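Asker: Structure provided below as structure tokens; questions to follow.
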């Protein structure tokens with residue numbers, strides 16, 4: 043799935059912000075664990091000092107009762123013999139803190155003897171234990187047990203982080219939308235230009251890059267409009283200049299006494315006239331200045347069917363449009379008429395099928411003819427191209443009918459689809475998007 047520029051920029055910025063936020067939470071969590079561990083270590087040393095002072099303040103006969111009062115869920119205090127004393131003396135910050143609290147005259151031993159960080163358990167040692175010799179040479183062991191893990195971040199801090207993240211997300215979305223809006227406007231203007239050369243120019247405002255892009259687009263629109271106007275004038279001149287000598291030639295053929303020769307000349311002149319009309323019709327194509335209007339598709343199709351019935355042509359209609367379509371009436375009539383003429387010419391009958399929904403209007407013309415070779419389906423919409431098989435010049439036309447239909451479809455932002463029917467014959471479908479034309483009309 044291809045994402046828009048807005049979605050891509052938003053995802054990139056949001057990914058960076060979320061990563062930064064997660065890194066911040068991780069750092070705060072680690073810092074919090076370190077601070078809590080250090081605080082617990084200092085608290086444990088304070089409890090050791092208080093217990094030592096309490097034991098030394100009581101007589102030997104009262105120490106058992108004192109030991110009982112010192113026991114708790116997280117601290118165990120026991121008297122030990124000299125041969126049970128740990129062999130190592132603690133080093134580093136732990137030794138300094140213990141000496142400062144209980145006095146340097148007290149000898150202290152620890153299980154590991156290492157000088158790890160304050161309050162941090164050594165890996166594999168389930169508890170922190172220290173042996174301390176009282177002033178009367180009695181050794182006492184104090185062990186911290188059931189040390190809980192560092193508490194998680196507080197709910198208030200988590201809420202603050204979430205609010206901050208949401209605020210940043212909103213700001214990012216607004217900033218990205220503001221940055222990509224000129225591109226979206228430019229894309230819409232380019233799409234509108236393909237259907238309406240008289241569309242208003244872009245507003246040349248905003249950042250310097252946006253202004254330059256708008257100015258370049260407006261200059262391009264002006265040049266295209268100028269070229270199309272020049273071509274319109276040239277087409278009008280060519281149409282007039284070619285029809286005048288053709289009319290004179292028709293009059294002169296009436297003076298030819300040889301009837302077979304006269305009939306051949308008349309046929310050639312009619313063929314030339316048809317070719318000129320078809321060519322001018324095609325060249326007029328996308329420059330059609332007809333305004334958009336709401337078209338009753340059902341009425342249009344039935345009027346084409348009635349016109350064909352007058353000429354003895356058989357046309358059936360299946361389905362109907364659910365709502366009027368915003369388009370160019372003459373162009374759509376010409377496109378449908380070309381498809382009907384092709385169906386009648388090569389298939390003796392035509393069936394118009396209408397499929398409509400909220401997004402797309404499908405107008406299909408089906409015939410019962412020989413169809414078109416699969417390899418030729420792509421090329422038959424090229425100007426003046428004719429397949430070699432059944433669709434030859436003897437059947438009429440100069441190979442511009444489907445090209446005109448394709449141009450009309452493009453004029454409305456749609457496309458022409460050609461496909462051979464499984465039961466035989468050709469299906470030509472005009473896909474006309476509703477949203478684009480309706481938005482242009484509004």
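Residue numbers (the numbering used here): 43 to 484. Using N, Cα and C, we set each Cβ at its ideal position, and we do this for glycine too. Quick caveat, the model's predicted, so the values are computed rather than measured.
1) Starting from residue 203 and walking both ways along the beta strand (DSSP E), at which residues does that stretch end?
2) If you reduce the DSSP assignment to three classes, tell me which class residue 127 lands in.
3) Under the DSSP definition of a beta bridge, which residues are partnered with residue 118?
4) Under 8 Å Cβ to Cβ from residue 308, same chain only, skipping five residues before and after it: list those, please.
5) Could you check whether the segment 444–456 touches the segment 357–366, counting it as contact only if at least three pairs of C-beta atoms, one from each stretch, sit closer than 8 Å?
6) Per DSSP, what kind of secondary structure is residue 407 in: helix, strand or coil?
7) State the beta-bridge partners of residue 470 as determined by DSSP.
8) Considering Cα atoms alone, identify which of 81, 303, 106, 187 is closest to residue 139.
9) Given that a residue counts as buried once 16 or more other Cβ atoms are within 10 Å of its Cβ, and exposed if not, what is residue 104?
10) If you check the beta carbons only, do residue 490 and residue 232 fall under 9 Å apart?
11) Considering only C-alpha positions, which residue in the set 83, 108, 96, 172 is nearest to residue 127?
12) So for residue 337, helix, strand or coil by DSSP?
13) Are the beta-carbon atoms of residue 377 and residue 385 separated by less than 9 Å?
14) Measuring CA to CA, which of 420, 223, 375, 382 is closest to residue 411?
15) Could you give the C-beta distance for residue 425 and residue 445, rounded to a whole number, given that I count them as a contact under 8 Å?
16) Apart from the five residues on each side of it in sequence, which residues of its chain come closer than 6 Å, Cβ to Cβ, to residue 70?
17) Could you round the C-beta distance between residue 367 and residue 203 to whole angstroms and report it? I think they count as a contact, below 8 Å.
18) Give, in chain order, every unbroken run of the alpha helix (DSSP H) that is at least 4 residues long and sits entirely within the segment 57–88.
19) Are the CB atoms of residue 356 and residue 390 within a distance shorter than 9 Å?
20) Distance, Cα to Cα, residue 179 vs residue 115?
21) Note down the Cα distance separating residue 257 from residue 271, rounded to an integer number of angstroms.
22) Under 8 Å by Cβ, that's how I've got residue 339 and residue 396 pegged, so tell me the actual separation to the nearest angstrom.
23) Less than 7 Å between C-beta atoms, sequence neighbours within five positions excluded: which residues of the same chain meet that for residue 253?
24) Report back the beta-carbon spacing between residue 288 and residue 311 to the nearest angstrom; my notes put them in contact at under 8 Å.
25) Taking residue 421 as part of the beta strand (DSSP E), name the residues at either end of that continuous run.
26) From what residue to what residue does the alpha helix (DSSP H) around residue 389 run?
27) Pull up the DSSP beta-bridge partners for residue 402, would you.
28) For residue 486 versus residue 214, is the C-beta distance shorter than 9 Å?
29) Quick check on DSSP: helix, strand or coil for residue 177?
30) Report yes if the C-beta distance between residue 184 and residue 84 is below 9 Å; otherwise report no.
31) Who are residue 170's beta bridge partners in DSSP?
32) So what's residue 153 in DSSP terms, helix, strand or just coil?
33) Straight-line CA distance for residue 249 to residue 224?
34) At the level of alpha carbons, what is the spacing between residue 375 and residue 388?
35) Tell me whether residue 143 sits in a helix, a strand or coil according to DSSP, three-state version.
36) Would you kindly work out how many angstroms separate the C-alpha atoms of residue 79 and residue 111, rounded to a whole number?
Answerer: Well, looking at it:
1) Translated into positions along the chain shown, residue 203 becomes position 161. Taken as a continuous stretch (DSSP letters only), residue 203 belongs to no beta strand (DSSP E), being part of the alpha helix (DSSP H) at 197–235.
2) For the purposes of this step, residue 127 is identified with residue 85 of the chain shown, where counting begins at 1. Residue state, collapsed to three classes: coil.
3) Here residue 118 refers to the residue found at position 76 when the chain shown is read from its first residue. According to DSSP, residue 118 bridges with 185.
4) Start at 1 with the first residue of the chain shown, and residue 308 comes out as number 266. If we look at residue 308 and ignore the five residues flanking it on each side, its Cβ neighbours are 292, 295.
5) no
6) For the purposes of this step, residue 407 is taken as the residue at position 365 of the chain shown. Strand at residue 407.
7) Your numbering for residue 470 matches position 428 in the chain shown. Bridge partners of residue 470: 407, 460.
8) On the chain shown, position 97 is the one that residue 139 refers to. Nearest option by C-alpha distance: 81.
9) For the purposes of this step, residue 104 is taken as residue 62 along the chain shown, with counting starting at 1. A residue is called buried when at least 16 other Cβ atoms come within 10 angstroms of its Cβ; residue 104 does not meet this threshold and is exposed.
10) Since the first residue of the chain shown is 43 and the last is 484, residue 490 is not available in this structure.
11) Working through the chain shown from its first residue, we reach residue 127 at position 85. Nearest of 83, 108, 96, 172 to residue 127, Cα basis: 172.
12) As a position in the chain shown, residue 337 is number 295, starting the count at 1. Residue 337: strand per DSSP, three-state reduction.
13) Start at 1 with the first residue of the chain shown, and residue 377 comes out as number 335. Start at 1 with the first residue of the chain shown, and residue 385 comes out as number 343. The answer is no: Cβ separation not under 9 Å.
14) Against the chain shown, residue 411 aligns to sequence position 369. Out of 420, 223, 375, 382, 382 has the C-alpha closest to the C-alpha of residue 411.
15) Position 383 of the chain shown, counted from the first residue, corresponds to residue 425. Position 403 of the chain shown, counted from the first residue, corresponds to residue 445. Rounded, the Cβ-Cβ distance is 5 Å, consistent with contact.
16) Position 28 of the chain shown holds residue 70. Counting only Cβ-Cβ distances below 6 Å, and skipping sequence neighbours, we find nothing.
17) Numbered from its first residue, the chain shown carries residue 367 at position 325. Numbered from its first residue, the chain shown carries residue 203 at position 161. Between residue 203 and residue 367 the Cβ distance is about 53 Å, and since that is not below 8 Å, they are no contact.
18) none
19) Locating residue 390 in the chain shown gives position 348, counting from the first residue. Locating residue 356 in the chain shown gives position 314, counting from the first residue. It is a contact, given that the beta carbons lie within the stated cut-off.
20) Along the chain shown, read from residue 1 onward, the residue named residue 179 stands at position 137. Along the chain shown, read from residue 1 onward, the residue named residue 115 stands at position 73. Straight-line measurement puts the Cα of residue 115 at about 27 Å from the Cα of residue 179.
21) Translated into the one-based positions of the chain shown, residue 257 becomes position 215. Translated into the one-based positions of the chain shown, residue 271 becomes position 229. For residue 257 and residue 271, the distance between alpha carbons rounds to 21 Å.
22) Along the chain shown, read from residue 1 onward, the residue named residue 339 stands at position 297. Along the chain shown, read from residue 1 onward, the residue named residue 396 stands at position 354. Rounded, the Cβ-Cβ distance is 7 Å, consistent with contact.
23) Looking up residue 253 in the chain shown gives position 211. These residues qualify, in order along the chain: 246, 247.
24) Position 246 of the chain shown holds residue 288. Position 269 of the chain shown holds residue 311. Indeed they touch by this definition, with Cβ atoms about 6 Å apart.
25) In the chain shown, the residue the question calls residue 421 occupies position 379. Counting along the chain, residue 421 falls outside any beta strand (DSSP E), and DSSP gives it neither H nor E.
26) Here residue 389 refers to the residue found at position 347 when the chain shown is read from its first residue. Element bounds for residue 389: 371–389.
27) In the chain shown, residue 402 corresponds to position 360, counting from 1. For residue 402, which the question treats as bridged, DSSP gives the partners 475.
28) There is no way to answer for residue 486, as the model of the chain reaches only from 43 to 484.
29) On the chain shown, residue 177 is found 135 positions in, with the first residue counted as 1. Correct three-state label for residue 177: coil.
30) Along the chain shown, read from residue 1 onward, the residue named residue 184 stands at position 142. Along the chain shown, read from residue 1 onward, the residue named residue 84 stands at position 42. No.
31) Numbered from its first residue, the chain shown carries residue 170 at position 128. BP columns for residue 170 point to 186.
32) In the chain shown, the residue the question calls residue 153 occupies position 111. Coil at residue 153, not helix or strand.
33) Residue 249 sits at position 207 when you count from the first residue of the chain shown. Residue 224 sits at position 182 when you count from the first residue of the chain shown. For residue 249 and residue 224, the distance between alpha carbons rounds to 9 Å.
34) Within the chain shown, the letter at position 333 stands for residue 375. Within the chain shown, the letter at position 346 stands for residue 388. Each residue's alpha carbon lies about 20 Å from the other.
35) Start at 1 with the first residue of the chain shown, and residue 143 comes out as number 101. Three-state result, residue 143: helix.
36) Looking up residue 79 in the chain shown gives position 37. Looking up residue 111 in the chain shown gives position 69. Each residue's Cα considered, the two are about 26 Å apart.
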